[in-house]
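What the sequence shown shows, in the working numbering, is residues 3 to 1038, in sequence order.
Note that the Cβ used here is the ideal one computed from N, Cα and C, for glycine as well.
Computed from a prediction, not measured in an experiment: that's the story for all the values here.
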Amino acid sequence: MIKELLFGSFLRRLGRVQLGLMMIMMSYASFAQTQISGTVVSDLGEGLPGATILAQGTSAGTVTDFDGNFSLVVPEGATNLVVSFIGYSTQTVGINGRSSIDVTLQPDAETLTEVVIVGYGTQKKTDVTGAITGVDSEEITGRGVTNPIQALQGAVPGIQVTNSTGRVGDSFNVVVRGQGSFSDDATPLYVVDGVIVDNIDFLNPQDIAKLDVLKDASSAAIYGSRAANGVVMIKTKGGSSIPRGTTVSFDAFYGFKNPARLPEMMSYSDWNDYHLSAYMATTSGYDDLTPEEYYDKVYPTSSNSVLRERVQNLDGYDWYDAVLQPGMQSNNYVSIAHRNGGSSYTIGAGYQKETGNIEKEGLEKFTLRSNIDQEINDKFKVGAAFTVAKSETQRGSRYAMQEAFRLNPFLHPYAVDAALNETDELFPNPGKLTDVDGNYLINKTSTYNPLLEIANSSDLQSQWNTIGNMYLQYKPVEWLMLKSTFSGGLKSYRRGKYSGVLTNDGAGNNNLASSEVENYQNFNYTWDNQVNFNKQINKHSINLMGLQSIFVTQTEESFMSSNNQPFETEFYNVGSGLQSSYNLGNEFRKSQLSSYALRLNYAFDEKYLVTLTNRWDGSSLLAEGKQWQSFPSVAVAWRLSNEAFLSGVSAVNDLKLRVGYGTTGNNNINPYATVNTLTQQTYYDYNGGSANGWVANSIANKALTWERMKELNIGLDFAFANRRLRGSIDVYDRLHDDLLIVQTLPLETGYESIVANAGSMRNKGIELMLTTTNVQTDLITWETTFTFSKNVNTVESIYGQDEQDDVGNNLFIGESINAYYNYEFDGVWQADEAELAELYNQAEGQARVKDLNNDGVIDPDDDRKILGSSNPDWTGGLISRLTVGGFDFNFTLSTVQGVLAYSRFHENFENVGDRGRQKLDIDFYVPENNVGLTPRPSTSYPQARNEGTYWNQSGAGVGYYKDASFVKVNNISLGYSLPSSALERLKLQQLRIYVNVLNPFTFTDYTGFDPEWATASFSTGGVSNVITQLGLNLKF
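Spelled out as C-alpha cells, the structure:
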C-alpha cells in the first residue's frame, strides 16, 4: 500500500510537470486564418494516415499525415469539407467559419480496413504489399497476459511463441517463420516507438496501442542488416491514438495461480516394487534367496531400520504438498490521456506483482510511461515519449523443485530425537538420516532437503529499463515532411545468487556459503533523419521516404563468484570468499551502424500497388571492405476487387494479390571476430620463476560478412459475403545464406577454429488467417479467427558444400537445424530373446535399439537415424469473440503439432539407472524371480539398474525423446459492461467487470510439467498453472 501511495504521488507530480510543459508549448501555437487544420481519427480514436480531405465544389484538397493530421487552404466560398478513407464511411463536414476541425470517421461494414505499423511510419492495410500481421490493444489486454508478447500465441500465423521455462519472470521464445541461423538465437528485432530493444518483457501490456509483425523480407528490408529474423513493431498509446478531451482510465486484475498437470509419480507401493527390483540387477545370487532374505538385503535393519518401518507401514511423505504452493498475480494500471487540437499527452503508470509456486519466488515491476505531442504551428510539430521500468525477480533455489520430485516418498524432511520421534528440525539429507549418535537410520540416495534449499538460497535479479525519443517535424508544404528523431535506451541489470551453508552447494563447499554477482549495462541511441514526399496526382499516389540513420550501442559486463564464505549475508558478501576460489570476468563491447534507406510506395487508381525499398548498412563489426552492404526489396500488389470485372460481384468485397521479394541480414556477429584476440592463460619461465604471458587466442577473419536472407512471398488478402468471411494466405520461400559457423582448422595453423560464413539454410512455408462473422445482429455478435502455419526448415549447405553432413555439430544436409540424430528405441529384450541379445552384447531386460542395416552390430555410423525435430510440423490457433448485449464471452486456443522433444524431465524421472530416487509411474521390466516380485515383461521401459548401453546416454538417451505436441486453451473470459444509459448517470465512459481463466485445459501425450517448455533444463523448468483472474476496466 505504501509503495502504491508513493507511486501515485510521484505520478501526480509528474502529471503537473507535463501539464506545465504543455501550456508553455501551446502558447506558441498559431494558425493562419486562411487555413483549416485538424485531425482525422477512427472510431477508436486512432489517427488515420492518408485520409483524403476535399473542399466541396473546388479542386482544393490534401491528405492526412502519418498521425492523421492535415492542413488545407480553403478557397473563398467553400462551405463543406468532404473527408474519406478506405474502409470508413465518407463524411461531409460544415466549415462554419472554423479554422480547426477534427473528424471522426465510422467504419464502413462493406470495406472495413485497418492501419498497420511499418518501419518509420504507418500504412493502410489495404495499401500494404507485404506480409504484416498483428494485434491491437484490445486483443492484448483481453488475454490477461502479464507479458505482451504472449498475446501473439495462436493469434498471428507464422509466429511461434513459447514459454521458455514456465517460471515467474522468465522470457518467451519467439520465432518468425522458422530458425534462420546456426546459432540458437532466432530472436526478432523489437522496435518500441522507434527504439531498438532486445525484448519487450519490461513493458506493461496496458501501455501498448498496437503490435505488428513484419514477417517477410519486402516488409522488413527497411531495417536491413537486423531484420532476418523478422521485426516486431510496438506502438505505445499516445498522440493521435487517443480521443479528444481528457480521459482517465483504471485497469486492474487479481489472479489466483494453482499448480496443474502435475506429473503422475509412483505410488508408495509402486516405488517399493521398483526399489526392490533394482537390487536384482546388482545383487549376485539373489535367486537363491527367499523373499524374506532378499527383503533384508534391500532394507537391512542395521542401516535402514527407519526406512524399513516406513515402507512396511506405507508411511510416506507428500513432497509435492510441502514444496509447491499456490501463487498470485496482479496488474494495476492508471493512465491519463488528453488531446485538444494540436496538443496531446498521455501518462500511464503500472504496478505488477506475481508470486511463484515455491516460497520466495516472485516478481515486482513498476512502469511509468509518458507521451507528448505538440503542434507549434501549421508547419512545426514536436513530441517526446519515454518509458521507465523497474523490476525485481526472485527465483529462489534452483534445486528445490528438482529435489522435491527426486526424493523417494518414504523420506521425511525432519530429524529424529533419541527416541526416534520426529522433531520440528529439518534434516539436511533425508536419504542419509542418522540418530543423535550419528548412526544411520536411512542410508540410501543422497538428496538434499528442498525445504532447506528454499530457506537458504537466493537468486535476485534487479533490472532497470529506460527508453525514450524526441522528435521535431517540419512540413513546409502539405506534400513534404522532414522529421528528425533521437531515441535511446538504457538497460541496467544485476543478478546476485547465493547458496547458504544448509544447501546442496553449501554441502559441497565444506559447509560454507557461496555466491556470485553478475552486472550488465547497455546503452544505445539512434538518430534518424527522414524526409517524406506524399503526393496525390489524379489517380497516382506517390509516397517517397528517405532516411539517414546512425545507431550506436555499448555494453559492459562483469562477473564475480567465490565460495567458502565465512558469513551468511547473501551475495553482498561475495568478496569475503576463499581467494583461490575467486572467478572474475568482465567484457566491453561497442559497435556502430550507419545507414541510409529509400522507400517508394506507389499506387495507381487504388488498384496497382508497388513498394520499392533499399537500405544501405555500414557496420563497425566487420573488417574494412566488408562493412557496407545493401538490402533491397520489391513488392507489388493488385487489388482485383477494384477492377471493373469484379465491380458487379457483390460477394467479393476485397481481393488483393501480393508478390514480394527482398533481402535482409543478421548482424548477430561477435564484435571481435574480425580481429586477433589474446588470452593470458600462458606462463613463461622468467629468471627461474614463472610469469604471466599473452598468447593469440583466435585468428581474425577479415572476410567475415553479414548473414543474408533472401525471400519470395506470395500472398492473397480477401473478404467475401459482406466481409463475413475475410483473411489472408501467404506462401514463402526464404534462403538464409552466408551463415556463420565455427569451422575447425588444421592443427598446423596453431588455432582450433575460426568463425566463417560457410553455411546456408532454407525455410519454406504457408500461412493462413481466416476470420468469420458467424452472427451479427443488434443484440448478438459472434466472430471467430482461425490461424494455421506450416514451415519446413532444411540445412542446404555447410562449409561450402551440400553433400557431407557434420555429425559432430548435428548438421545434416536436407534436414532440420533442430533434428535429433540417434539410435531408434525398439523395445526391451525379453527372456526368450536372451540369446539374440547376447549377440549384440546385450541382455534380458535391457533397452533394445534397431539394427538398421541388419549386420548384427550396433554401429554409430550405420545404425543412427533422424528421429524427428523440435521444429513443429504445423501450428495453429482459434479465437472466438461472442457479445450478447452487455456480456462478452471469449476464448483462445493454440496448438503445436509434430514436435519431438528431448525431455530433460524424463531424463531424470524415467532414468532407471538408479534405485533410490522417485520415478514417473512407468511400467518397468521385472524378470522372472523367486524373491516375491511379480514379473513384468514390459516392452516400454528396461529393468531397473539394468538399462543397457543406450537408455541413459547423457543428453542422448534413446528413451527420452517425447512427442510434445499439444492443444492448449490459453484463456477463457466472461465479462459484463454497463450499458450507456447507466454510464451516463454515473458520468463514466466505460465500466466492465470480468473473470478470466488462463491455461484451463491442455491436451497432450506429454507427461512432464508442460509440453510448451519440454526441452527446458530440468533445474530451470517449472510446473504449469491454471490462473483465475478477476478484473475491472474503468474509464471516465
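Between Pro293 and Phe926, the alpha-carbon positions lie close to 20 Å from each other. Looking at the DSSP output, Gln848 sits in no beta bridge, so it has no partner there. Per DSSP, the unbroken beta strand (DSSP E) holding Tyr335 starts and ends at Gly329 to Asn342. Counting only unbroken stretches of 4 or more residues, the alpha helix (DSSP H) elements lying wholly within the segment 774-841 are 836-841, in sequence order.
The residue from Asn534, Tyr574, Val533 and Thr528 with its alpha-carbon nearest to that of Ala515 is Tyr574.
Ranked by how close their Cα comes to the Cα of Glu570, the residues Asn513, Gly1033, Tyr842 and Asp804 have Asn513 in first place. For Ile860, the secondary structure class from DSSP, reduced to helix, strand or coil, is coil. Going by beta carbons, Asn585 and Asn445 fall outside the 7 Å limit. The criterion of a C-beta distance shorter than 7 Å is not satisfied by Pro1002 and Ala966. Taken through DSSP and simplified to helix, strand or coil, Glu1014 comes out as helix.
At the C-beta level, Ile224 and Gly79 stay beyond 7 Å of one another. For Met268, there is no enclosing beta strand (DSSP E), since its DSSP letter is neither H nor E.
Under the DSSP definition of a beta bridge, Phe174 partners with Asn165. For Thr425, same chain residues with a beta-carbon under 7 Å away, outside a window of 5 residues either side, are Tyr416, Ala417, Val418 and Asp419 in chain order.
Thr128 sits in a helix when the DSSP states are folded into three classes. Arg850 counts as buried, since no fewer than 16 other beta carbons sit within 10 angstroms of its beta carbon. Lys867 sits exposed, since fewer than 16 C-beta atoms from the chains shown fall within 10 Å of its C-beta. Between Gly63 and Gly49, the beta carbon gap of about 18 Å keeps them out of contact (Cβ cut-off 8 Å). The C-alpha of Ile161 is placed about 10 Å away from the C-alpha of Asn793. Residues of the same chain with a CB within less than 7 Å of the CB of Glu455, apart from the 5 flanking positions on each side, are Ser399, Tyr401, Ala402, Glu405, Thr505 and Asn506 in chain order. Contact check between the segment 472-489 and the segment 212-227: fewer than three CB pairs, one atom from each, fall below 8 Å, which does not count as touching. Restricting attention to Ser942, Gly287, Gln208 and Leu435, the CA atom closest to the CA of Ile349 is found in Gln208. CA-CA distance, Gly1024 to Ser345, rounds to 48 Å. In the structure shown, Tyr225 falls within a helical segment according to DSSP collapsed to helix, strand and coil. Following the DSSP letters along the chain, one finds Gln155 in no alpha helix (DSSP H), marked with neither H nor E. According to DSSP, residue pairing for Val928 in a beta bridge involves Arg938.
For the 7 Å CB-CB criterion, Pro190 and Val118 do not form a contact. Take the alpha-carbon of Thr941 and the one of Asn678: they are about 56 Å apart. DSSP places Pro293 in the uninterrupted alpha helix (DSSP H) bounded by Pro293 to Val300. Per DSSP, the beta bridge partners of Thr106 are Val43. Residue pairing by DSSP places Arg497 opposite Gln463 and Glu520 in a beta bridge.
Residue burial annotation: Ser279 is buried, with at least 16 other C-beta atoms found within 10 angstroms of its C-beta. In the DSSP assignment, Gln376 falls within the beta strand (DSSP E) that extends over Gly364 to Glu377.
The segment 249-257 makes contact with the segment 324-340; the number of CB pairs closer than 8 Å reaches 3 or more.
If the five residues before and after Val193 are omitted, its C-beta is found closer than 6 Å to the C-beta atoms of Met235, all from its own chain and listed in chain order. Look at Val1025 here: in three-state DSSP terms it is coil, with no helix or strand label.
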